[in-house]
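To start, the structure under review is shown below, and the notes come after it.
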Amino acid sequence: MSTNKHAIIRYQSLDRCFKNTGKRYYIEDLLEACNNALFEFDPNSVGIKKRQLYDDIRFMESSQGFSIPLEKIKDGRRAYYQYKDPSFSINNQPLNPTEAEQLKSAMLVLGRFKGLPQFEWVNELLPKLDQTFKLSNQNQEIISFDNNNYLVGIDYITPLFSAIQNNQALKIGYQSFNNPETQYFIFHPYHLKQYNNRWFVFGKHDDYNNMTNLALDRLKQITQSSKHYDTSQMVNFEDYFDDIIGVTKPHDKPLVKIEFHAKPALAPYIKTKPFHGSQKKVKDDETGYTFSIEVVPNYELEKLILSLGEDLRVMKPTFIKEIIKKRVEQQYKNY
């Protein structure tokens with residue numbers, strides 16, 4: 001049975017009725033209580049009928065549900081329902097096997113991030129979960145992610161994660177690729193993001209007015225700062241990344257509609273793995289696939305275009321074509 005929101009509301013409503021010893025709940029009363037709870041949550045709900053109610057009760061009594069100790073007490077030609085043990089509640093129950101399997105599947109996914117210090121607890125908890133619910137019937141791993149456990153800087157994920165959670169300013173030691181010396185400054189971390197197998201932290205640099213991102217593999221030192229946590233550059237990061245590819249967001253640059261043409265050999269890959277959420281088809285024929293995206297042009301976009309070589313061509317606008325042309329010419333000079 002689906003444990004969607006409406007189902008959970010019904011189970012919770014029935015649980016309250018079954019443990020209430022001060023009132024006799026006949027089937028009509030249970031139906032009314034469930035529908036009242038559904039209407040309170042969703043005024044547009046059509047409610048449920050007795051057949052669904054009986055299905056809910058059977059599910060709650062089953063071992064796949066909550067194994068509730070329900071008693072059906074005769075009262076003349078009718079019967080009312082209550083728990084044999086008034087202290088029982090589905091909210092006090094341990095996980096049932098179905099829930100445990102779902103949790104295990106989720107934890108197996110999390111377990112693939114074993115290279116990240118923040119997730120060390122997953123590998124410790126999985127054996128306990130297996131021992132409690134006897135769920136281990138296979139030893140092979142069934143899912144893998146593109147993880148590099150040897151990335152420089154991943155040890156900083158845990159302190160950065162904690163600093164973001166606790167609104168903590170940090171003193172950062174950072175050495176960029178362009179500077180041989182380590183620079184020290186106050187940083188207010190807001191968000192962690194992985195792109196192209198590298199990790200970045202976004203936040204407020206005390207010396208700049210705009211959002212800054214730092215590559216974790218260039219961090220040299222992190223210590224807590226007593227300075228007040230500055231949220232002046234805090235944004236909705238889902239919106240922030242919505243109009244760029246990668247992590248670099250040039251300031252004060254507009255969205256640009258860029259049109260590409262992919263040769264037939266490349267076209268299926270572009271269709272099944274779009275460049276960006278804004279991708280739209282312009283034309284699709286025997287010559288290839290023409291499509292467009294709307295993004296703020298940045299370094300990562302240029303690298304993506306160049307990585308596809310001769311199978312992809314920028315059609316417009318002209319200034320993007322010129323940027324790619326110059327980079328290809330410079331690359332050609334290397335050979």
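Using UniProt numbering, the letters of the sequence shown map in sequence onto residues 1 to 335. Idealized CB from N, CA, C, for every residue including glycine.
query = Helix, strand or coil: how does DSSP classify isoleucine 48 here?
reply = Isoleucine 48: coil per DSSP, three-state reduction.
query = Counting pairs of beta carbons, one from the stretch 154-172 and one from the stretch 183-192, are three or more of them closer than 8 Å?
reply = Yes, since at least three Cβ pairs between the stretch 154-172 and the stretch 183-192 fall closer than 8 Å, the two stretches touch.
request  = Kindly provide the ranges of any beta strand (DSSP E) runs that are 3 or more residues long and lie completely inside the UniProt domain "WCX" (255-330), ordered along the chain.
outcome  = Listed in chain order, the complete beta strand (DSSP E) runs (minimum 3 residues) inside the UniProt domain "WCX" (255-330) are 256-262, 280-285, 288-295, 312-316.
query = Can the beta-carbon of isoleucine 90 be found closer than 8 Å to that of tyrosine 11?
reply = Taking 8 Å as the Cβ cut-off, isoleucine 90 and tyrosine 11 qualify as a contacting pair.
key: proline 189 - containing beta strand (DSSP E), residue span   = In the DSSP assignment, proline 189 falls within the unbroken beta strand (DSSP E) covering 183-195.
query = Under a three-way DSSP split, which group does leucine 14 fall into?
reply = Leucine 14: helix per DSSP, three-state reduction.
task = State the start and end residues of the unbroken beta strand (DSSP E) segment that holds phenylalanine 200.
result = For phenylalanine 200, the enclosing beta strand (DSSP E) stretches over residues 198-205.
The stretch 214-224 touching the stretch 267-280, judged by at least three CB pairs closer than 8 Å = Contact annotation: the stretch 214-224 does not touch the stretch 267-280, with fewer than three C-beta pairs closer than 8 Å.
ask   = Quick one: what's got a C-beta closer than 7 Å to glutamine 168's C-beta in the same chain, skipping five residues either side?
value = Close CB contacts of glutamine 168 within its chain, under the 7 Å cut and outside five residues either way in sequence, are with Gln224, Tyr229 (chain order).
inquiry  = If you measure between the beta carbons of proline 86 and lysine 23, is that distance less than 8 Å?
reply    = When the beta-carbon positions are compared, proline 86 and lysine 23 stay at least 8 Å from each other.
ask   = Should histidine 228 be listed as close to the ligand FAD, given that the test is whether its C-beta is under 7 Å from any heavy atom?
value = Absence of the ligand FAD from the depicted structure is noted, as is the absence of any ligand whatsoever, leaving it without description.
query = Measuring CA to CA, which of Phe200, Pro43, Asn210, Ala215 is closest to valine 235?
reply = Ranking Phe200, Pro43, Asn210, Ala215 by CA distance to the CA of valine 235 puts Asn210 first.
message = Tell me which residues share the same chain as isoleucine 323 and place their Cβ nearer than 7 Å to its Cβ, disregarding the 5 neighbours each side in the sequence.
response = Excluding positions up to five away in sequence, the list reads Glu302.
query = Taking the alpha-carbon positions, what's the threonine 318 to phenylalanine 260 distance?
reply = So the two alpha carbons sit approximately 12 Å from each other.
Minimum C-alpha distance to glycine 153 - residue among Asn196, Leu53, Phe200, Gly47 = For the residues Asn196, Leu53, Phe200, Gly47, the minimum Cα distance to glycine 153 belongs to Phe200.
task = Look at the alpha carbon of threonine 182 and the alpha carbon of tyrosine 289, and state the distance between them as a whole number of angstroms.
result = Roughly 47 Å separates the two Cα atoms.
inquiry  = Let me make sure I understand the geometry here. Which of Pro180, Gln194, Asn179 has the alpha-carbon closest to that of leucine 151?
reply    = Comparing Cα positions, the closest option is Gln194.
task = Work out the CA separation of leucine 214 and tyrosine 190 for me, nearest whole Å.
result = One Cα belongs to tyrosine 190, the other to leucine 214, and the distance between them is close to 11 Å.
ask   = Going by Cα to Cα distance, which pick from Tyr83, Gly65, Gln64 is closest to isoleucine 73?
value = Cα-wise, what sits closest to isoleucine 73 is Tyr83.
request  = Measure the C-alpha to C-alpha separation of tyrosine 156 and serine 176 and round it to an integer number of angstroms.
outcome  = Cα to Cα, tyrosine 156 sits roughly 16 Å from serine 176.
inquiry  = So, with DSSP's three-state summary, where would you put aspartate 75?
reply    = Correct three-state label for aspartate 75: strand.
query = Taking just the CA atoms, how far does asparagine 197 sit from proline 297?
reply = Their Cα atoms are separated by approximately 21 Å.
ask   = Between the C-alpha atoms of asparagine 100 and serine 162, what's the straight-line distance to the nearest angstrom?
value = According to the sequence shown, residue 100 is alanine rather than asparagine. The straight-line gap from Cα to Cα measures roughly 28 Å.
task = Report the residue from Ser63, Phe59, Phe241 whose alpha carbon sits nearest the alpha carbon of glutamate 294.
result = Taking glutamate 294 as reference, the option from Ser63, Phe59, Phe241 with the minimal CA-CA separation is Phe241.
request  = Starting from alanine 33, trace the beta strand (DSSP E) both ways and give me its first and last residue.
outcome  = Looking at the DSSP string, alanine 33 is not in any beta strand (DSSP E); the run it does join, the alpha helix (DSSP H), is 27-41.
ask   = Can you list, in chain order, the residues of its chain whose CB lies under 7 Å from that of lysine 280, leaving out five sequence neighbours each side?
value = Within the same chain, and ignoring the five residues on either side of lysine 280 in sequence, the residues whose Cβ sits closer than 7 Å to its Cβ are Phe291, Ser292.
ask   = Grouping DSSP H, G and I as helix and E and B as strand, with all else coil, what is methionine 234?
value = Look at methionine 234 here: in three-state DSSP terms it is coil, with no helix or strand label.
query = Where does isoleucine 164 fall in DSSP's three states?
reply = Here isoleucine 164 sits in helix by DSSP.
ask   = Within 10 angstroms of its Cβ, does threonine 3 collect 16 or more other Cβ (buried), or is it exposed?
value = Any reading at threonine 3 is ruled out, since the residue's pLDDT is 47, under 50, leaving its predicted position unreliable.
task = Specify, as a first and last residue, the run of the beta strand (DSSP E) that tyrosine 174 falls within.
result = Following the DSSP letters along the chain, one finds tyrosine 174 inside the beta strand (DSSP E) bounded by residues 170-174.
ask   = Can you name the residues that DSSP bridges to glutamine 82?
value = In the DSSP assignment, glutamine 82 forms a beta bridge with Glu71.
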